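Report on the following structure.
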Amino acid sequence: MAWYKDQLAPPARLGRARSFPSSAGCVPTRQFAGGGAAPHKRRSCAVSRQATFAAAAALAAGLVLPALASARSQPPTTITVSAGDRAYPETPVSVELPSPLPRGTYVLQPSDGTAPVPAQTEVVNGKTRLTWIVPGLERGQTVTYRLVRASGRSPASPNSGVVVRRQGPDAEILVNGKLFTRYVTEGANKPYYYPLVGPTGVEITRHFPMQKDVPGETKDHPHHRSFWFTHGSVNGVDYWSEGSKTGKTVNAAYEVLESGPVYGVLRTKVDWIAPDGAKVCQDVRELRVYNTAHGRMMDFDITVTAGDKPVTFGDTKEGSMGVRVASSMDVTGGKGHILNSQGDKDAATWSKRADWVDYWGPVAGKTVGIAMMDHPTSFRHPTYWHVRDYGLFAANPFGVHDFVKGAAEHAGDYTIPPGGTLVLRYRILLHEGDAQDARIADVAAAYANPPTVEVR
Numbered sequence: 284m285a286w287y288k289d290q291l292a293p294p295a296r297l298g299r300a301r302s303f304p305s306s307a308g309c310v311p312t313r314q315f316a317g318g319g320a321a322p323h324k325r326r327s328c329a330v331s332r333q334a335t336f337a338a339a340a341a342l343a344a345g346l347v348l349p350a351l352a353s354a355r356s357q358p359p360t361t362i363t364v365s366a367g368d369r370a371y372p373e374t375p376v377s378v379e380l381p382s383p384l385p386r387g388t389y390v391l392q393p394s395d396g397t398a399p400v401p402a403q404t405e406v407v408n409g410k411t412r413l414t415w416i417v418p419g420l421e422r423g424q425t426v427t428y429r430l431v432r433a434s435g436r437s438p439a440s441p442n443s444g445v446v447v448r449r450q451g452p453d454a455e456i457l458v459n460g461k462l463f464t465r466y467v468t469e470g471a472n473k474p475y476y477y478p479l480v481g482p483t484g485v486e487i488t489r490h491f492p493m494q495k496d497v498p499g500e501t502k503d504h505p506h507h508r509s510f511w512f513t514h515g516s517v518n519g520v521d522y523w524s525e526g527s528k529t530g531k532t533v534n535a536a537y538e539v540l541e542s543g544p545v546y547g548v549l550r551t552k553v554d555w556i557a558p559d560g561a562k563v564c565q566d567v568r569e570l571r572v573y574n575t576a577h578g579r580m581m582d583f584d585i586t587v588t589a590g591d592k593p594v595t596f597g598d599t600k601e602g603s604m605g606v607r608v609a610s611s612m613d614v615t616g617g618k619g620h621i622l623n624s625q626g627d628k629d630a631a632t633w634s635k636r637a638d639w640v641d642y643w644g645p646v647a648g649k650t651v652g653i654a655m656m657d658h659p660t661s662f663r664h665p666t667y668w669h670v671r672d673y674g675l676f677a678a679n680p681f682g683v684h685d686f687v688k689g690a691a692e693h694a695g696d697y698t699i700p701p702g703g704t705l706v707l708r709y710r711i712l713l714h715e716g717d718a719q720d721a722r723i724a725d726v727a728a729a730y731a732n733p734p735t736v737e738v739r
């Protein structure tokens, strides 16, 4: 494999906030336009990509040892991860490699001889990006890995890693063989993700209105559907509420369905349709779910693109990246609590700007929580939070007039110029315990400033 040695670039020191959306390996597939209506015949680069991988046990049993035995014939790549002056909890790490890799299954072998770590590759803009999960780093700690190619290829298994697959007009995501969430495209004026299954195996978002007779649940705000993205004023049209005169967001295409040992990706195109049927704009939303050992972690990136006319996201509190927590987690009427990065608690977190917010409480006898973190590159970071003590939990960078006393009526308006884009980026962690137990401040810091990675 002299080609690899010849192309090896000088050492590069990289700090990655996270993997950017994948763009490799498209194959034609049928699309369901109009939020899951009957399939049409147009073919496009909507894909169902199954990344080549094996679960950690399969790698160790059938793939890793042959790879290590043949490592002498392959010039190894050494990767060093450094914590620097802070400690890190479990966190995904990504790096662009200086040379391309052939398709196959790869693992990272720690220099201390401990168990190999599954790695996942994708090609973005012609470069190979490698992603794996670092189990945690102490302050000042450095971990060195050797990247090796396993000798065999393993088909995707529904019982290991993260599996993303179609289910009729919808899609579902499984983590190690168990349902994590479904992407629901029909029955409402927006696509949404329901349920969200937490680390204890119990669903931790409210079931109403998808299920109407769950004991102990509140039944207010039927447009709060588990986990969703939309907004209450786009060119003056309400997409947040549900009614005959509101707008709708429609699943237009599946771009990527990718499964793997480290993460799975569901990337979709969504059209924003006004009440008169006109298409106002389109967004591409990517949900990347990681195979973490502690909790369920996902990154949600949204890129809204205007067409040939300007698109204004208006100043209203009714938006935008929303979760409705299980009713037993509510602060009012439940036993839940809310905390933000500024130290505000419960009802005092509403309208505040913060790097992150955590909402936790009891579900089925155990304390669980949902933390949402705003990335530094996300629009108007740190975002404002439309988080209520009755169970609504939303990041909203637009509602300045409602959130800031004395602000002008349209202070939070933002107009995307024709052909322009608006980017929102969030990390969500479903965890056990409260914010301190789950180290939410450290998880958010790792999202904003991941460990340093060196490749040589």
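In my numbering, the protein residues as written are 284 to 739. Glycine is no exception: its CB is placed at the ideal position from the N, C-alpha and C atoms. Quantities reported herein were computed from a predicted structural model and do not represent experimental measurements.
Sheet register partners of residue i (DSSP bridge)
i	result
H506	For H506, which the question treats as bridged, DSSP gives no partner whatsoever.
R607	L675
K410	V407
Q565	D554 and T588
I653	Y642 and L713
V572	G547 and M581
K531	I556
K688	Answer is none; K688 lacks a bridge partner.
G602	H514
K461	V458
S377	T414
Cβ shell of residue i (< 6 Å), same chain only, five flanking positions each side left out
i	result
G605	W511 and A677
V669	Looking at the sequence provided, one finds His at residue 669 rather than Val. If we look at H669 and ignore the five residues flanking it on each side, its Cβ neighbours are K600, A677 and N679.
F686	S634 and Y667
S524	H506
V446	L457 and S542
N732	none
H577	E373
L622	K628, D641 and A718
Rounded Cβ spacing between residue i and residue j (contact assumed at less than 8 Å)
i	j	result
T586	N518	In fact, because the Cβ distance is near 18 Å, the residues do not count as touching under 8 Å.
D598	G682	6 Å
A721	E715	7 Å
L380	T411	5 Å
Of the residues the options, the one placed nearest residue i, counting alpha carbons only
i	options	result
A637	S624, K649 and K628	S624
A589	P701, V614, P381 and G619	P701
R708	A694, A721, D657 and R739	D657
A727	G617, Q450, S365 and P375	P375
S516	P372, R508, K531 and P418	K531
L540	R671, Y466 and V651	Y466
V545	H504, N459 and G481	N459
S603	F662, A557, G619 and V651	F662
G644	P665, S527, H664 and Y673	Y673
R432	T404, Q450, G423 and R422	T404
D554	M493, T660, K495 and N472	N472
V651	E455, T483 and D696	T483
A454	S443, Y476 and N442	Y476
K649	M655, K618, H664 and P558	K618
Chain-order list of residues whose beta-carbon lies under 7 Å from that of residue i (same chain, five-residue window excluded)
i	result
I653	I487, V606, V608, Y642, F676, I711 and L713
A729	Y371, P372 and T374
P438	Reliability of the predicted coordinates at P438 is poor, the pLDDT of 42 falling under 50, and the value obtained from them is presented with this limitation in mind. If we look at P438 and ignore the five residues flanking it on each side, it has no Cβ neighbours.
P593	T698, I699, P700 and P701
L479	T464, E486, I487, T488, S509, F510 and L713
Contacts around residue i, its chain only, beta-carbon distance under 8 Å, and the 5 residues preceding and following it disregarded
i	result
P734	G298, V364, S365, A366, G367, Y371, T374, V376, V417 and L420
Q719	none
Beta carbon proximity, residue i to chain B, threshold 8 Å
i	result
A678	Structure shown: chain B not included; a single protein chain is present.
* Asked: Do the segment 421 to 430 and the segment 386 to 400 meet, that is, are 3 or more Cβ pairs less than 8 Å apart?
  -> yes
* Three or more C-beta pairs below 8 Å linking the segment 530 to 550 and the segment 561 to 574 -> yes
* Evaluate the contact criterion for the segment 692 to 700 versus the segment 628 to 636: three or more CB pairs, one atom per stretch, below 8 Å. => no
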